[in-house]
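Let me begin by presenting the structure, written as structure tokens, before commenting on it.
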Ligand code: ADP
């Protein structure tokens, strides 16, 4: 309400300011809308597994009480659903931590080669299970830059994990690290390329939005929360960098983190 009063006052006073205040109002409305969408999405994402767990509890206490085989099957489903909720809450916390720190630029220098290599190493068992070959290129020398080490680990984990998840079996996932000339200062380029089905171009601009998925069923089946790329994008921004997504149908996708150095 007070905003509206100020708006009217400025509108009455100075012509130039009217535009500013209008802009402000729409920004605020957009933020409010985004917040409402987010809360609705989170509620939905939590309610679905909870409803399923409650349904199985009821069945286990009633009709399936004496049925050992059904009990094992239902408990397995309940475990999967509970694990999904744990992942969702973990990603929500990660997202909120990144947002809280968004205005603080990291100052301590760390070796990103080592950080990303370790993250990739931790994903080797997952790659093996998915029959994906993980190929690392450009990880032979240390590169020291001011970064938040946990967040760089998180970026590497999310991008490589997605490439494994969506890249498909018997394919190669390549992670490349390089330093290149930027417009003003050198840039760190970390690119993850898969040989998956690729993503249609109209999805690309929205891919890093919270809960945006090309195929919800597939994402859920793969244990996705729909927040991984949103987290990556926020981390990139906090470091003054960006996330670039390129994809070609039938050939695969490349997700690139670009970070200014020095
Ligand atoms: P999710 O938890 O669903 O994987 P993300 O935020 O990590 O959420 O990714 C959002 C969506 O982008 C995914 O649901 C998937 O549709 C698409 N996506 C992400 N990475 C890839 C990839 N490497 N290949 C194809 N599609 C991808």
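Numbering (the UniProt record's numbering), first residue to last: 78 to 339.
Where is the CB? At the ideal position from N, CA and C, for every residue including glycine.
- Spanning the alpha carbons of residue 312 and residue 336 requires a straight line of approximately 10 Å.
- DSSP, reduced to helix, strand and coil, places residue 186 within a strand of the structure shown.
- Take residue 134, set aside five residues on each side of it, and the residues of its chain with a beta-carbon closer than 8 Å to its own are 155, in chain order.
- Sorting 142, 266, 203 and 161 by C-alpha distance to the C-alpha of residue 257 places 266 at the top.
- In this structure, 315 is the residue among 315, 325, 328 and 326 with its C-alpha nearest to the C-alpha of residue 334.
- The DSSP-derived three-state label of residue 337 is strand.
- The ligand ADP approaches residue 291 closely enough that one of its heavy atoms is under 7 Å from the residue's Cβ.
- DSSP places residue 255 within a strand segment (E or B) once states are collapsed to three.
- Around the beta carbon of residue 300, fewer than 16 other beta carbons lie within 10 angstroms, which makes this residue exposed.
- Ranked by Cα distance from residue 130, the options 112, 157, 111 and 142 are led by 157.
- Residue 189 is positioned such that its CB atom lies closer than 8 Å to that of residue 222.
- Sequence-distant partners of residue 141 (beyond 5 residues in either direction) whose C-beta falls short of 8 Å from its own C-beta, in its chain, are 147, 148 and 151.
- Annotation for residue 118 indicates a beta carbon at 7 Å or more from all heavy atoms of the ligand ADP.
- Taking all protein chains in view, the Cβ of residue 106 is surrounded by fewer than 16 other Cβ atoms within 10 Å, so the residue is classified as exposed.
- Note that the C-beta distance between residue 253 and residue 338 is not below 8 Å.
- In this structure residue 284 touches residue 322 by the C-beta definition: roughly 6 Å separates them, less than 8 Å.
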